[in-house]
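Peer 1:
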Amino acid sequence: MNQKKGKIAIKPFRTQVQMDPKYAETTWNLLRGAISEIHKKNASGLSFEELYRNAYNMVLHKYGDKLYGGLKEVLEAHLDEVAQSVASAQDDDFLQVLNEAWNDHKTSMLMIRDILMYMDRVYVTQNTLPSVYDMGLSVFHTHVALHKRIKNRLLKLLLQHIQNERNGEPIARPLMRNITQMLVSLGLNSRSVYETDFEQHFLSTSSEFYRIESTHFIDANSCSDYMIKVENRLKEEMDRVQHYLDSGTEPKIKEVAERELITTHMKALVDMPGSGLVSMLKDDKIEDLMRMYHLLGRVTKGHDLMREVLENEVKETGKQIVTDPANLNKENSYVQALLNLKDKYDNILGKAFHNDKNFQHTLNQAFEFFINMDNRSPEYISLFIDEKLRKGLKGASEEETERTLDKVMMLFRFIQEKDVFEKYYKQHLAKRLLLGRSVSDDAERGMIAKLKTECGYQFTSKLEGMFTDMKTSSDMMDSFKTWVTNMDAKDPLGGIDLNVSVLTTGFWPTQSSANCILPAEVAKCCEIFKNFYLKDRNGRRLTWQTNMGTAELRAFFAKKHELNVSTYQMCILLLFNSSPNMSYKEILSTTGIPIPDLKRNLLTLSSPKYRILLRSNEQDKDIAEEDVFKFNDKFRSKLFRVKILAVVQKETVKQRNVTQQKIDEDRKHQIEAAIVRVMKARKKMEHSNLIAEVTKQLQSRFRPNPIIIKKRIESLIEREYLERSKADRKMYQYLA
Amino acid sequence: FLQYADEQNKDFINEEGLERFFQDLGIELSDILTLIVAWQFGAETFGEFSKEEFIEGFKSLRCESTRDLKNKLPSLKAELKDDRCFREFYQFIFNYVKGPDTKVLDLNMAVELWNVVLKDRFKFLDLWTSFLKERHNKAISKDTWNLLLEFSKHINATMTNYDDEGAWPVLIDDFVEWATPKISSVDKK
Chain G
233 MNQKKGKIAI KPFRTQVQMD PKYAETTWNL LRGAISEIHK KNASGLSFEE
283 LYRNAYNMVL HKYGDKLYGG LKEVLEAHLD EVAQSVASAQ DDDFLQVLNE
333 AWNDHKTSML MIRDILMYMD RVYVTQNTLP SVYDMGLSVF HTHVALHKRI
383 KNRLLKLLLQ HIQNERNGEP IARPLMRNIT QMLVSLGLNS RSVYETDFEQ
433 HFLSTSSEFY RIESTHFIDA NSCSDYMIKV ENRLKEEMDR VQHYLDSGTE
483 PKIKEVAERE LITTHMKALV DMPGSGLVSM LKDDKIEDLM RMYHLLGRVT
533 KGHDLMREVL ENEVKETGKQ IVTDPANLNK ENSYVQALLN LKDKYDNILG
583 KAFHNDKNFQ HTLNQAFEFF INMDNRSPEY ISLFIDEKLR KGLKGASEEE
633 TERTLDKVMM LFRFIQEKDV FEKYYKQHLA KRLLLGRSVS DDAERGMIAK
683 LKTECGYQFT SKLEGMFTDM KTSSDMMDSF KTWVTNMDAK DPLGGIDLNV
733 SVLTTGFWPT QSSANCILPA EVAKCCEIFK NFYLKDRNGR RLTWQTNMGT
783 AELRAFFAKK HELNVSTYQM CILLLFNSSP NMSYKEILST TGIPIPDLKR
833 NLLTLSSPKY RILLRSNEQD KDIAEEDVFK FNDKFRSKLF RVKILAVVQK
883 ETVKQRNVTQ QKIDEDRKHQ IEAAIVRVMK ARKKMEHSNL IAEVTKQLQS
933 RFRPNPIIIK KRIESLIERE YLERSKADRK MYQYLA
Chain A
13 FLQYADEQNK DFINEEGLER FFQDLGIELS DILTLIVAWQ FGAETFGEFS
63 KEEFIEGFKS LRCESTRDLK NKLPSLKAEL KDDRCFREFY QFIFNYVKGP
113 DTKVLDLNMA VELWNVVLKD RFKFLDLWTS FLKERHNKAI SKDTWNLLLE
163 FSKHINATMT NYDDEGAWPV LIDDFVEWAT PKISSVDKK
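First to last, the sequence lines map onto chains G and A.
Using our numbering, the first residue of the first sequence is number 233, and each one after it goes up by one.
Using our numbering, the first residue of the second sequence is number 13, and each one after it goes up by one.
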């Protein structure tokens, strides 16, 4: 024996605790048994700690495969059984049974997962496998949900329940909810199971259902009833989704329902005779209109359709007003009808359509369309305002006046030919001012302020000039009166109370003033005034406008009366002071009044209404050359003051043509001025650009016709203000 | 250079003299060549040549005698085949014929001129002249005259390439409107 040093070496155990396969098998069986118990809902007798440890050991000793695979097998077998029992349930209980199976599965999976948590953390992640719970889900999916005797039945029953609910039967919503949530869960992290196995079928059957239902509804119901039903159905579907469908379904079912209930039928709905949009508008059915607005607002083109119908309806109605012969001869009813129409639709717009801008725009377009259909609109509107400012607003409060005028301004905005309006307004205003007919100065000025805001200073500068003239004249009359009293002669005016308004030519509407021959006494007064005026203002020229004046005559019939007449009428009547009978010819030659005016005034004076003169030939409508007139001293009237003035009337066709010609002339000049202005600034411009620019500049006054613009351009070329560029015939150049 | 005894009045050749001049050149009075000659000579007033114009004209054409000029005539006519040349010529004769006092050319004169100058160049010449006689009956402005040439070059046989926005004078717009149905009815035949 060798002599060894006595050293003790301590060595670790060489043998690791190896789990031998047999041991693994035992462990697995243990676990498997536990799982079984869990499945049998018999888990209370199990020790969590022990099971966990076992699972842990298995994984630790690299038996994770066995554990995982084994688990899968167990689950599959178990769930097959479960599937059998679910499949054999009756229809009535089917969902309930399935639900229970599902709940049981979830519960047991949770427990199993807890036990196998170590495997989840280590083995599963290492091998990127689905987690225990997830694996359980997919096994449930494949073995239960997709079971051939379960899958279709499930779908069928779900849809049937929904159908029943739609038909008014109550169903078990919580149960439905559980099932749908189950489907969602089965998709693991996606909705794909829910979608394929349920949602897409739900959507297509719903679509079909609503398609049929809506067709029946619409045939059997009026528009408003249909809409109420639709509203209810839509609410119901939203409700349904919230209660037992997945929230992702909400937009989809909404789209389907809206499509079938609204989009498909919207044309029929809107056009429905007797209850469609048109009749709703006609009858001011605000609630129905509001409902339609909301419903159709949900779908694309819904509002477009409404607006189209609205536009046509408004245009039609407006057209009728404009072409109605009853309205054509009474300007007030014409404008009033338009105002009423505007009010009606403003009301509808505000209450039913929430002042939607697009609808507002549509209405405006429609109004613009028919107001400009009749080229007498500007005249009528001016006449309407005239009537209001003369009589209509008498005694009205400031607010009322504001409101009325504002409304009229709204109509004014729609007029395209604003220059025509200006012309008439000027004429009417002149008459109002000169005859002192305005009901309120404030109202007049208010109106002008509104026009100024709308159209700018240029539009109203002349109108304001007219006001200034009146004021100046009134001041001047004061100094005139003082001056007269200081004159040498006693009563130089011969007892005549003279009142003169001095009008600046540029401001007032031009009228051809044929001068008539004033009676001597009157002429004398005029001379005196003329001297007074010119003595301080050298270089000015005064022209008496005898066609615009008025006179008050004191006349003695059986009783004394005061007659308000025009200057021409005064001239005629005063003749009868010298002789009771005068022939037409004599009157004509002595007064020199233009023939048409003379005839008109003679007709008025001898008409049955004011029989101040008696006509020899009462039968004929027109004055004949041979007529003789006699002063009627038997004239009687209840009133002391008799007004014989012709008030502002709308023009005859002939007068209208004259006015139109003047307007066309004015426009030609304006167009030329605009062309020159533009060319001067730009020096060179291409043809279509020039036309566009000129149109733009003038559009606040009227819409120039491009052909007329072209003619003006050619005229300017001829007069060598412009030339065509040599290189390009379409280019114009400014010639300084 | 030559002083041809066409002068009656010392400094001017008037109408009668002109007639003789053209006769010697072998030109008919209605021939376009009379206008071409006038143009080449830079004549200012219709129906007469000033002495200066006459002399300068001969000089610029490098002719010494009437016969030279006569020989040159065909080439002058050929020159007009060039578009630009023709346009100058065309625009010239408007001013030449209308005279310095007015801005417009009398309608009948214009029609005659067109018949001479635009023959074979303007396919709608006859339609144009009948249109004018029927609808227009007024004198022709310079703008219209000048643009008619462009129009004749631009417009196709069926008038379908006419551009409404093309800044054509209103008269030509009206013409196209008036003539289009007539053309299509002719086509149908």
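Cβ coordinates follow ideal geometry from the N, Cα and C atoms, glycine included.
Please read all numbers here as calculations on a predicted model, not as lab measurements.
Does K154/A come within less than 9 Å of chain G when only Cβ atoms are used?
Peer 2: Yes - at least one Cβ of chain G is within 9 Å of the one on K154/A.
Peer 1: Within 9 Å of any Cβ in chain A, is that where the Cβ of Y964/G sits?
Peer 2: It does; some Cβ of chain A falls within 9 Å.
Peer 1: Which runs of the beta strand (DSSP E) at least 3 residues long sit entirely within the segment 769 to 842 of chain G? Give them in chain order.
Peer 2: Runs found: 782 to 788, 792 to 798, 813 to 815.
Peer 1: If I follow the unbroken beta strand (DSSP E) through F136/A, where does it start and stop?
Peer 2: Looking at the DSSP string, F136/A is not in any beta strand (DSSP E), and its letter there is neither H nor E.
Peer 1: Please report the Cβ distance between I152/A and K89/A, rounded to the nearest whole angstrom; I am assuming they are in contact, meaning their Cβ atoms lie under 8 Å.
Peer 2: The pair is not a contact, with the Cβ atoms about 25 Å apart (cut-off 8 Å).
Peer 1: Should the segment 479 to 490 of chain G be called in touch with the segment 559 to 575 of chain G, which here means at least 3 C-beta pairs below 8 Å?
Peer 2: The segment 479 to 490 of chain G is not in contact with the segment 559 to 575 of chain G.
Peer 1: Would you tell me roughly how many angstroms separate the C-alpha atoms of K135/A and W157/A, rounded to the nearest one?
Peer 2: Computed Cα separation, rounded: 16 Å.
Peer 1: Just the Cα atoms here: how many angstroms apart are M780/G and F106/A?
Peer 2: So the alpha carbons of these two residues sit roughly 54 Å apart.
Peer 1: Bridge partners of V116/A, per DSSP?
Peer 2: S153/A, per the DSSP bridge assignment.
Peer 1: Kindly say whether L144/A, judged by its beta-carbon, lies nearer than 9 Å to any beta-carbon of chain G.
Peer 2: Answer no: the Cβ-Cβ gap between L144/A and chain G never drops below 9 Å.
Peer 1: Using a Cβ-Cβ cutoff of 7 Å, what residues of the segment 167 to 185 of chain A are near chain G? List them in chain order.
Peer 2: Within the segment 167 to 185 of chain A, the qualifying residues are E177, G178, A179, P181, V182.
Peer 1: Is it the case that the CB of S276/G approaches a heavy atom of the ligand GDP more closely than 8 Å?
Peer 2: For the ligand GDP, the structure offers nothing, since it holds no ligand at all.
Peer 1: Interface residues of chain G around K115/A at Cβ under 8 Å?
Peer 2: Within chain G, the residues near K115/A are E950.
Peer 1: Leaving aside the five residues before and after V318/G along the sequence, list all residues of the same chain whose C-beta is less than 7 Å from its C-beta, in chain order.
Peer 2: These residues qualify, in order along the chain: V329, L330, A333, V376, I382.
Peer 1: With a threshold of 9 Å between beta-carbons, can L159/A be considered close to chain G, or not?
Peer 2: Yes, L159/A counts as interfacial toward chain G.
Peer 1: Taking Cβ positions only, does R961/G come closer than 9 Å to chain A?
Peer 2: Cβ-Cβ to chain A under 9 Å: yes for R961/G.
Peer 1: Is there a C-beta anywhere in chain G that falls below 9 Å from the one on E162/A?
Peer 2: Answer yes: the Cβ-Cβ gap between E162/A and chain G drops below 9 Å somewhere.
Peer 1: List, in chain order, every chain B residue whose beta-carbon is nearer than 7 Å to that of K943/G.
Peer 2: Here the protein chains are G and A, and chain B is not one of them.
Peer 1: Compare the C-alpha of E146/A against each of M171/A, V123/A, E162/A and name the closest.
Peer 2: Ranking M171/A, V123/A, E162/A by Cα distance to E146/A puts V123/A first.
Peer 1: Any beta carbon of chain G sitting closer than 9 Å to that of F13/A?
Peer 2: Confidence at F13/A is low in this model, with a pLDDT of 42, below 50, so the placement of that residue should be treated as unreliable; the coordinate-derived value is given next. For F13/A, the answer is no, since every Cβ of chain G falls outside 9 Å of its Cβ.
Peer 1: Output needed for K201/A: all residues of its chain with C-beta closer than 6 Å, excluding positions within five of it in sequence on either side, in chain order.
Peer 2: In this prediction, K201/A scores a pLDDT of 47, lower than 50, which makes its location untrustworthy; the coordinate-derived value is nonetheless stated afterwards. So the list is empty, once near-sequence residues are dropped.
Peer 1: Using the Cβ count rule (16 or more neighbours within 10 Å means buried), how would you classify E431/G?
Peer 2: The residue in question, E431/G, is buried, as its Cβ has 16 or more Cβ neighbours within 10 Å.
Peer 1: Should R956/G be flagged as near chain A, meaning a C-beta pair shorter than 9 Å?
Peer 2: Cβ-Cβ to chain A under 9 Å: yes for R956/G.
Peer 1: What residues of chain A sit near E946/G, judged by a beta carbon separation below 7 Å?
Peer 2: Chain A residues near E946/G: D155, P181, V182.
Peer 1: Which one or two residues does DSSP pair with R965/G in a beta bridge?
Peer 2: First, the residue type needs correcting, since residue 965/G is Gln and not Arg in the sequence shown. Its beta-bridge partners are K916/G, E955/G.
Peer 1: Just to make sure I have the definition right: I need the residues of chain A whose C-beta is within less than 8 Å of the C-beta of H919/G. Which are they?
Peer 2: Per Cβ cutoff of 8 Å: E177, G178, A179.
Peer 1: What span of residues does the alpha helix (DSSP H) with V554/G cover, start to end?
Peer 2: Residues 534 to 555.
Peer 1: Rank K154/A, L159/A, Y174/A by C-alpha distance to the C-alpha of V109/A and give the top, closest one.
Peer 2: Among K154/A, L159/A, Y174/A, the Cα nearest to that of V109/A is on K154/A.
Peer 1: Hey, is I939/G's beta-carbon within less than 9 Å of any beta-carbon in chain A?
Peer 2: Interface residue, yes.
Peer 1: In the segment 682 to 770 of chain G, which residue ranges form an unbroken alpha helix (DSSP H) of at least 4 residues, counting only runs that do not cross its ends?
Peer 2: You should have 689 to 717, 752 to 768.
Peer 1: According to DSSP, is S62/A part of a helix, a strand, or is it coil?
Peer 2: S62/A: strand per DSSP, three-state reduction.
Peer 1: Tell me, please, which residues DSSP counts as bridged to L278/G.
Peer 2: Its beta-bridge partners do not exist; DSSP assigns none.
Peer 1: Beta-carbon within less than 8 Å of L637/G's beta-carbon, same chain only, minus the 5 sequence neighbours each way: which residues are those?
Peer 2: Same-chain partners within the cutoff: I617, K620, A675, G678, M679, K682.
Peer 1: For I518/G, which residues from the same chain have a beta carbon less than 6 Å from its beta carbon, with the 5 sequence-adjacent residues on both sides left out?
Peer 2: These residues qualify, in order along the chain: K583, A584.
Peer 1: Taking buried to mean at least 16 other C-beta atoms within 10 Å of its own C-beta, is V885/G buried or exposed?
Peer 2: Exposed is the call here.
Peer 1: How long is the line joining the alpha carbons of H271/G and L477/G, rounded to whole angstroms?
Peer 2: Approximately 29 Å, taken between the alpha carbons.
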